[in-house]
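K.L.:
Chains as they are written, first to last, in this note's numbering: chain A, 4 to 327; chain B, 8 to 612.
We treat Cβ as the ideally placed atom computed from N, Cα and C, and that holds for glycine.
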Amino acid sequence: MALLLPAPYAPRALSSLAAGDAYDGFLCSLGFERRARSIAEHLPRATHSAAIGFPSQQTLSYAENAAFFAAAGFERQTLDAHEFHPWVAEWLRSVLATCVGHPCRVGVDVSSMTRLRIAAVVEAVAQTDGSADLEVDFLYAPEAYHEPSPPADATLTIGPVSSYFAGWSLDLELPLIAIVGVGYELEKAAGAIEYVEPQETVVFVPEGRDSRFSLKVAEANVGLWAEGATSPVTYPLNDPFVTLARLDAATAGVLRRGRPLLLPMGPKIFALVCMVVAALHEPDVAVWRVSAGELERPVDRHADGTVFGLSVGVRRDAVVLPIT
Amino acid sequence: VTDFVPFGSFNARASSLGQVAHGFVPPDQYWTLIESLHVLLVGPRGSGKTTLLRMLQSPALEMWDDPRAAEARDRINYTGVFVPADRSWGAQVRQIEQSLHLTDFGVAAFTLHALRALVTAALERTRAPRGDVPHKRVALDRGAEERIVRDVAPLWLINRPVGSLEALRLALSDHLALLGRLARRAMRMRDEVAREELLAHELLDLELLSSAVPFVERFNAAVGEDEGTWAFLLDELEFLPQRLRAEIYAALRGSDRRFLFKVSLAPHGEVEQPEVESSAVSGHDFRLLTLTYAEKEQGYPFAEALLQRAMRDRGLSGTPKELLGIGGFEREADSWSEHGHAYGPGSSAHRSFADLATYDSEFAHYLADHNIDLSHTDEIPPSQRAAVLRKVAPLVSIRLASLSKGQRRRSRKSLAELYSGTHSFFAMVEGNPRWLKAIVTRLLATHESGPIARSVQARALEEAAREYRSHLRSVEYEGDIHLAGEQSPHMLLERLGTFCQSRVIGRKFEPEPPLTFIVDDAVADDILVTLRVLVNFGVLVHIPQPQGDDATGSLRNERFRLAYLFAPLYRLPLRLGRAVNLSSVLAAPPPPPVEQLGLLEGGDG
Numbered sequence: 004m005a006l007l008l009p010a011p012y013a014p015r016a017l018s019s020l021a022a023g024d025a026y027d028g029f030l031c032s033l034g035f036e037r038r039a040r041s042i043a044e045h046l047p048r049a050t051h052s053a054a055i056g057f058p059s060q061q062t063l064s065y066a067e068n069a070a071f072f073a074a075a076g077f078e079r080q081t082l083d084a085h086e087f088h089p090w091v092a093e094w095l096r097s098v099l100a101t102c103v104g105h106p107c108r109v110g111v112d113v114s115s116m117t118r119l120r121i122a123a124v125v126e127a128v129a130q131t132d133g134s135a136d137l138e139v140d141f142l143y144a145p146e147a148y149h150e151p152s153p154p155a156d157a158t159l160t161i162g163p164v165s166s167y168f169a170g171w172s173l174d175l176e177l178p179l180i181a182i183v184g185v186g187y188e189l190e191k192a193a194g195a196i197e198y199v200e201p202q203e204t205v206v207f208v209p210e211g212r213d214s215r216f217s218l219k220v221a222e223a224n225v226g227l228w229a230e231g232a233t234s235p236v237t238y239p240l241n242d243p244f245v246t247l248a249r250l251d252a253a254t255a256g257v258l259r260r261g262r263p264l265l266l267p268m269g270p271k272i273f274a275l276v277c278m279v280v281a282a283l284h285e286p287d288v289a290v291w292r293v294s295a296g297e298l299e300r301p302v303d304r305h306a307d308g309t310v311f312g313l314s315v316g317v318r319r320d321a322v323v324l325p326i327t
Numbered sequence: 008v009t010d011f012v013p014f015g016s017f018n019a020r021a022s023s024l025g026q027v028a029h030g031f032v033p034p035d036q037y038w039t040l041i042e043s044l045h046v047l048l049v050g051p052r053g054s055g056k057t058t059l060l061r062m063l064q065s066p067a068l069e070m071w072d073d074p075r076a077a078e079a080r081d082r083i084n085y086t087g088v089f090v091p092a093d094r095s096w097g098a099q100v101r102q103i104e105q106s107l108h109l110t111d112f113g114v115a116a117f118t119l120h121a122l123r124a125l126v127t128a129a130l131e132r133t134r135a136p137r138g139d140v141p142h143k144r145v146a147l148d149r150g151a152e153e154r155i156v157r158d159v160a161p162l163w164l165i166n167r168p169v170g171s172l173e174a175l176r177l178a179l180s181d182h183l184a185l186l187g188r189l190a191r192r193a194m195r196m197r198d199e200v201a202r203e204e205l206l207a208h209e210l211l212d213l214e215l216l217s218s219a220v221p222f223v224e225r226f227n228a229a230v231g232e233d234e235g236t237w238a239f240l241l242d243e244l245e246f247l248p249q250r251l252r253a254e255i256y257a258a259l260r261g262s263d264r265r266f267l268f269k270v271s272l273a274p275h276g277e278v279e280q281p282e283v284e285s286s287a288v289s290g291h292d293f294r295l296l297t298l299t300y301a302e303k304e305q306g307y308p309f310a311e312a313l314l315q316r317a318m319r320d321r322g323l324s325g326t327p328k329e330l331l332g333i334g335g336f337e338r339e340a341d342s343w344s345e346h347g348h349a350y351g352p353g354s355s356a357h358r359s360f361a362d363l364a365t366y367d368s369e370f371a372h373y374l375a376d377h378n379i380d381l382s383h384t385d386e387i388p389p390s391q392r393a394a395v396l397r398k399v400a401p402l403v404s405i406r407l408a409s410l411s412k413g414q415r416r417r418s419r420k421s422l423a424e425l426y427s428g429t430h431s432f433f434a435m436v437e438g439n440p441r442w443l444k445a446i447v448t449r450l451l452a453t454h455e456s457g458p459i460a461r462s463v464q465a466r467a468l469e470e471a472a473r474e475y476r477s478h479l480r481s482v483e484y485e486g487d488i489h490l491a492g493e494q495s496p497h498m499l500l501e502r503l504g505t506f507c508q509s510r511v512i513g514r515k516f517e518p519e520p521p522l523t524f525i526v527d528d529a530v531a532d533d534i535l536v537t538l539r540v541l542v543n544f545g546v547l548v549h550i551p552q553p554q555g556d557d558a559t560g561s562l563r564n565e566r567f568r569l570a571y572l573f574a575p576l577y578r579l580p581l582r583l584g585r586a587v588n589l590s591s592v593l594a595a596p597p598p599p600p601v602e603q604l605g606l607l608e609g610g611d612g
């Protein structure tokens with residue numbers, strides 16, 4: 004099995020992405036939001052570039068994005084969640100096969116990916132056979148601030164993000180402890196906690212540069228940490244490696260006394276970090292998702308001009324050191 | 008703003024066994040549960056199922072600091088083996104089974120967990136008691152312990168030497184780890200060979216009872232209890248694989264005196280439970296215990312005891328009645344002593360009736376139709392007072408409090424304040440310990456002494472209802488996505504609530520508005536899925552038919568009411584009300600917003 008080695012990715016302006024940032028393989032989503040192409044527009048063309056569309060919600064900026072990716076020579080496919088899972092594993096294998104004599108560099112723009120897709124990519128990376136060194140940069144173009152959408156009428160899915168991230172429990176007497184990333188959707192986290200019924204909850208709160216976002220997060224989760232939850236842990240939105248260090252420490256602590264279940268809501272980058280942490284502790288840590296799917300009103304999110312991310316190295320014979 | 012306190016933080020599994028035992032207040036059902044019978048314990052989330060099962064374990068009984076603990080210890084002459092399950096575990100197993108197209112994987116995993124719990128319970132019996140009075144403690148010498156595990160280990164497919172109960176338990180954990188590894192490998196390799204290897208593994212052939220027998224026989228013999236009984240306490244049966252549920256239902260008919268099954272289950276669970284009716288008959292082989300209270304008064308004693316306990320734990324003296332006082336719906340009774348009945352001229356009820364009749368012509372017609380002259384209520388025979396006045400008193404209060412601002416008098420009770428007071432509080436918490444504790448925590452967070460103002464009570468109750476309703480948005484909706492706006496759990500509650508509301512404060516005065524629903528044959532199957540969720544979450548309360556007690560079978564032709572917790576959100580009286588076919592409610596156009604309901608132009612709720 005391959006060993007995963009997370010590493011920092013220095014945040015930068017989108018406009019500063021340069022020739023040195025070229026990848027052997029680059030993967031992103033062809034979605035309805037404008038920012039789906041923001042990183043691709045600034046990156047040098049990779050040897051294997053793919054933009055994968057969704058069968059539904061082909062609206063808002065979808066057509067413009069499709070035109071861009073076509074003109075830029077990206078491989079384009081429309082895949083549903085079930086089709087994407089095997090596809091990405093095969094795509095990664097094909098990219099790795101072309102990297103002869105040098106470590107393979109892959110960029111993955113998660114900005115417009117669903118949590119299901121992020122999970123499939125992380126699983127594919129974690130499950131590579133380790134026959135070649137691999138460096139994966141998970142990139143994220145944060146959105147310019149917009150007001151939260153009204154809550155959807157229903158949740159269509161709340162459960163493990165995939166079988167790989169379902170977790171595996173050896174002792175059901177141990178308490179189920181949820182580590183919950185909150186966002187600014189009103190009472191969404193509280194409702195999810197209510198549904199999951201963990202015995203204890205640790206709350207992770209994003210800290211962004213936009214004070215309006217922080218205010219909305221606080222309003223949407225009034226008192227969630229006042230009682231019944233342990234003290235909130237803050238994480239910097241623009242530094243996923245620091246977030247990973249904090250989450251990994253929290254998860255390791257929980258593993259000593261309970262069954263961790265990661266429940267990432269809010270910014271997508273936290274979902275990515277959750278999945279990397281779960282992969283590091285596989286199979287002891289579950290990652291769930293809460294999704295209203297097509298009931299969520301599509302929003303044409305625009306990138307705010309920066310890019311940050313998390314690097315994950317995959318080594319054949321690495322010695323894993325504690326992250327913290 | 009009252010601090011938000013998650014309902015889920017009052018989950019019994021969140022607490023150590025010592026904490027559970029310390030705060031335990033037994034409902035009446037506990038004294039039936041402890042009998043040497045198979046029991047199916049049915050209740051919605053938060054109704055105390057886990058607590059009740061955990062309070063059958065010896066350590067909990069030893070730590071229970073209550074005068075009635077001695078009786079419980081005397082009557083519980085079996086060893087409780089608590090086997091937890093939860094949604095997270097159920098999802099793990101389901102993901103693997105779906106991914107690999109397996110059916111028996113979850114059964115094998117649960118069997119290993121249950122055997123592990125069996126060994127844990129046996130091990131516990133050999134240790135020092137947790138309290139002053141021991142329960143089922145035994146001395147087991149090292150040689151006997153070694154013989155038990157040496158004999159049992161190979162039967163449980165443990166192929167390495169084990170010399171203690173602790174080692175036996177660890178070996179079962181290793182089995183579980185192996186099972187997980189095999190499953191993950193099969194999923195990773197995505198080939199039939201790895202799947203077949205998992206399918207063929209002998210761990211998948213382990214059966215719970217046939218595996219438990221040799222252990223129990225040997226342990227019983229070693230401690231000199233040949234007739235010793237072991238009770239499997241299986242929590243949250245709905246999260247177990249279907250085949251396992253069927254086996255457990257069959258075991259409820261079992262006559263092996265060495266084993267009892269006491270299992271908890273969501274009412275009309277999130278999955279259908281047809282096996283209950285066919286394989287075991289309530290009252291014959293096992294007892295069905297429900298933890299809901301169709302008639303609100305049935306839950307009052309338990310709610311009162313829970314509240315009294317919560318007050319004691321916070322150092323508050325007095326009684327719940329002194330803390331919460333008399334509520335808005337109850338105040339009419341004040342006038343009894345003065346007037347001989349509650350509706351005499353000058354009484355608060357009389358003032359309310361007269362006040363409403365001034366503004367509400369439909370209500371005035373109702374009085375006239377029944378030949379009621381409010382200036383001569385003393386002359387109305389008691390039977391007519393009850394049939395015509397008393398039964399509509401709560402409706403009068405609600406309609407009066409719902410009048411528009413221009414029609415409002417300062418002296419009237421506000422809509423919010425109606426939902427306060429001891430009996431309203433007891434009714435609204437529905438005998439649900441988790442609801443009660445969540446609300447009491449809000450109420451008592453800053454309370455130091457004396458009664459709690461009715462407005463404070465009402466606000467806490469309404470906030471709790473609003474939050475719980477909001478949380479339904481996070482419940483998985485499995486119906487037609489295009490109908491989620493009408494049929495998701497959150498929206499269906501809204502639909503039912505606003506329907507009842509429109510009949511309580513609509514233009515037409517209905518002395519007996521429909522407040523309960525019969526799931527008639529015309530209700531689509533899709534709706535049943537959501538209804539089951541609402542029942543499981545305690546949002547809908549089952550009203551058993553006179554001769555029936557089945558709370559687990561089909562929803563069809565069963566009657567339900569909205570939990571009284573939601574009454575303030577929809578301005579509903581805390582009573583059963585008339586039944587109406589659910590299909591007719593769903594077929595009717597959604598009622599207009601409360602401001603447009605007719606005569607009543609919206610209140611202050």
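Taking B:D93 as the query, report the chain A residues whose CB atoms sit under 8 Å from its CB, ordered along the chain.
P.N.:
Mapped onto the second sequence, residue 93 of chain B falls at position 86. The answer, in chain order, is L175, L179 and E200.
K.L.:
Counting contacts by CB-CB distance shorter than 8 Å, is B:I488 in contact with chain A?
P.N.:
Here residue 488 of chain B refers to the residue found at position 481 when the second sequence is read from its first residue. Yes, because at least one Cβ of chain A sits closer than 8 Å to the Cβ of B:I488.
K.L.:
Between the Cα of B:A529 and those of B:L576, B:F516, B:L593 and B:A471, spot the shortest distance and give me the residue it belongs to.
P.N.:
As a first step, residue 529 of chain B is located in the second sequence; it is residue number 522 there, counting from the start. B:A529 has its Cα closest to that of B:L593, out of B:L576, B:F516, B:L593 and B:A471.
K.L.:
Does A:S172 get closer than 8 Å to chain B when you measure Cβ to Cβ?
P.N.:
Here residue 172 of chain A refers to the residue found at position 169 when the first sequence is read from its first residue. Yes, contact with chain B.
K.L.:
Where does A:T158 sit, in a helix, a strand or coil, going by DSSP?
P.N.:
By 1-based counting over the first sequence, the position of residue 158 of chain A is 155. A:T158: strand per DSSP, three-state reduction.
K.L.:
Among the candidates A:S97, A:L99, A:H51 and A:G104, whose CA atom is the shortest distance from the CA of A:E78?
P.N.:
Numbered from its first residue, the first sequence carries residue 78 of chain A at position 75. Checked all of A:S97, A:L99, A:H51 and A:G104; the closest Cα to A:E78 is A:H51.
K.L.:
Rounded C-beta distance between A:L250 and A:C277? I'm assuming under 8 Å.
P.N.:
Working through the first sequence from its first residue, we reach residue 250 of chain A at position 247. Working through the first sequence from its first residue, we reach residue 277 of chain A at position 274. A:L250 to A:C277, Cβ: 7 Å. Contact.
K.L.:
Using the Cβ count rule (16 or more neighbours within 10 Å means buried), how would you classify B:P281?
P.N.:
Within the second sequence, the letter at position 274 stands for residue 281 of chain B. Any reading at B:P281 must be qualified, since the residue scores a pLDDT of 40, below 50, and its modelled position is unreliable; the value itself is stated next. B:P281 should be labelled exposed.
K.L.:
I need the boundaries of the beta strand (DSSP E) containing A:A289, first residue and last residue.
P.N.:
Within the first sequence, numbered from 1, the residue matching residue 289 of chain A stands at position 286. Its beta strand (DSSP E) spans residues A289 to S294.
K.L.:
Specify, as a first and last residue, the run of the alpha helix (DSSP H) that A:E222 falls within.
P.N.:
In the first sequence, counting from the first residue as 1, residue 222 of chain A sits at position 219. Counting along the chain, the alpha helix (DSSP H) containing A:E222 begins and ends at S214 to A223.
K.L.:
From the DSSP output, in three-state form, read off B:I488 for me.
P.N.:
Within the second sequence, residue 488 of chain B is the residue found at index 481, counting from 1. B:I488: helix per DSSP, three-state reduction.
K.L.:
Output needed for B:S359: all residues of its chain with C-beta closer than 6 Å, excluding positions within five of it in sequence on either side, in chain order.
P.N.:
For this step, residue 359 of chain B is matched to residue 352 along the second sequence. If we look at B:S359 and ignore the five residues flanking it on each side, its Cβ neighbours are V403 and L407.
K.L.:
Should B:I379 and B:V395 be called a contact, given that it needs their Cβ atoms to be closer than 8 Å?
P.N.:
Here the question's residue 379 of chain B lines up with position 372 in the second sequence. Here the question's residue 395 of chain B lines up with position 388 in the second sequence. Yes, they are a contact pair.
K.L.:
For B:L522, does the count of other Cβ atoms within 10 angstroms reach 16, so buried, or fall short, so exposed?
P.N.:
One-based indexing of the second sequence puts residue 522 of chain B at position 515. Buried.
K.L.:
Could you spell out the range, first to last residue, of the alpha helix (DSSP H) harbouring B:W442?
P.N.:
By one-based count along the second sequence, residue 442 of chain B stands at place 435. P440 to L451 is the extent of the alpha helix (DSSP H) around B:W442.
K.L.:
Report the residue from B:L323, B:P600, B:A98 and B:V463 whose alpha carbon sits nearest the alpha carbon of B:S421.
P.N.:
Position 414 of the second sequence, counting from 1, holds the residue named residue 421 of chain B. Closest option to B:S421, Cα to Cα, is B:V463.
K.L.:
Three or more C-beta pairs closer than 8 Å, one from the segment 259-274 of chain B and one from the segment 45-55 of chain B: is that the case here?
P.N.:
Yes: at least three Cβ pairs fall under 8 Å.
K.L.:
Kindly list, in the order they appear in chain B, the residues whose Cβ is closer than 7 Å to that of A:E297.
P.N.:
As a first step, residue 297 of chain A is located in the first sequence; it is residue number 294 there, counting from the start. Going along chain B in sequence order, the residues near A:E297 (Cβ under 7 Å) are I488.
K.L.:
Per DSSP, A:R262 forms a beta bridge with which residues?
P.N.:
Position 259 of the first sequence, counted from the first residue, corresponds to residue 262 of chain A. For A:R262, which the question treats as bridged, DSSP gives the partners A:L179.
K.L.:
Which runs of the beta strand (DSSP E) spanning at least 3 residues fall entirely within the segment 186-241 of chain B, listed in chain order?
P.N.:
DSSP runs (the beta strand (DSSP E)) wholly in the segment 186-241 of chain B: 236-241.
K.L.:
Could you tell me which chain B residues have their CB closer than 7 Å to the CB of A:T158, listed as they occur along the chain?
P.N.:
Walking along the first sequence from the start, residue 158 of chain A turns up at place 155. In chain order: R480, S481, V482, E483 and Y484.
K.L.:
Tell me, to the nearest whole angstrom, how far the beta carbon of B:K56 is from that of B:S271; I am working on the premise that it is less than 8 Å.
P.N.:
As a working note, residue 56 of chain B is residue 49 in the second sequence. As a working note, residue 271 of chain B is residue 264 in the second sequence. Correct: roughly 4 Å between the Cβ atoms.
K.L.:
Can you give me the start and stop residues for the alpha helix (DSSP H) that B:R5 sits inside?
P.N.:
The structure shown does not extend to residue 5 of chain B, since chain B is modelled only from 8 to 612, so the question has no answer here.
K.L.:
Do you know offhand how far B:R539's Cα is from B:E565's?
P.N.:
As a position in the second sequence, residue 539 of chain B is number 532, starting the count at 1. As a position in the second sequence, residue 565 of chain B is number 558, starting the count at 1. So the alpha carbons of these two residues sit roughly 12 Å apart.
K.L.:
Going by alpha carbons, who is nearest to B:M194 out of B:Q102, B:P161, B:T58 and B:V542?
P.N.:
Against the second sequence, residue 194 of chain B aligns to sequence position 187. Looking at the Cα atoms, B:Q102 is the closest of the given residues.
K.L.:
Reducing DSSP to helix, strand and coil, say where A:C107 ends up.
P.N.:
Reading the first sequence from its first residue, position 104 is the one you call residue 107 of chain A. Here A:C107 sits in strand by DSSP.
K.L.:
Counting only C-beta atoms, is B:L593 closer than 8 Å to chain A at any point?
P.N.:
The sequence position of residue 593 of chain B within the second sequence is 586, counting from 1. With 8 Å as the cut-off, B:L593 does not count as an interface residue toward chain A.
K.L.:
What is the rounded straight-line gap between the Cα of A:L189 and the Cα of A:A144?
P.N.:
On the first sequence, residue 189 of chain A is found 186 positions in, with the first residue counted as 1. On the first sequence, residue 144 of chain A is found 141 positions in, with the first residue counted as 1. C-alpha separation (whole angstroms): 24 Å.
K.L.:
Express the C-alpha separation of A:M116 and A:L142 in angstroms, rounding to a whole number.
P.N.:
Counting from one through the first sequence, the residue named residue 142 of chain A turns up at place 139. Counting from one through the first sequence, the residue named residue 116 of chain A turns up at place 113. So the two alpha carbons sit approximately 11 Å from each other.
K.L.:
Pull up the DSSP beta-bridge partners for A:C31, would you.
P.N.:
Your numbering for residue 31 of chain A matches position 28 in the first sequence. Per DSSP, A:A54.
K.L.:
Measuring alpha carbon to alpha carbon, tell me which of A:E146, A:A73 and A:A274 ends up nearest A:G211.
P.N.:
Along the first sequence, one-based indexing puts residue 211 of chain A at 208. Here the closest residue by C-alpha is A:E146.
K.L.:
Taking C-beta to C-beta, are A:V279 and A:L137 nearer than 8 Å?
P.N.:
Residue numbering aside, residue 279 of chain A sits at position 276 when the first sequence is read from its first letter. Residue numbering aside, residue 137 of chain A sits at position 134 when the first sequence is read from its first letter. No, the pair does not count as a contact, with Cβ atoms beyond the cut-off.
K.L.:
Nearest-angstrom Cα distance between B:S286 and B:L244?
P.N.:
As a working note, residue 286 of chain B is residue 279 in the second sequence. As a working note, residue 244 of chain B is residue 237 in the second sequence. For B:S286, the pLDDT reaches just 45, beneath the cut-off of 50, and the residue's location in the model is therefore unreliable, leaving the point undetermined.
K.L.:
Thinking just about the alpha-carbon of each residue, which of B:L579, B:A595, B:Y475 and B:R568 is nearest to the one in A:I196?
P.N.:
Here residue 196 of chain A refers to the residue found at position 193 when the first sequence is read from its first residue. Selected option, being the one with the closest Cα: B:Y475.
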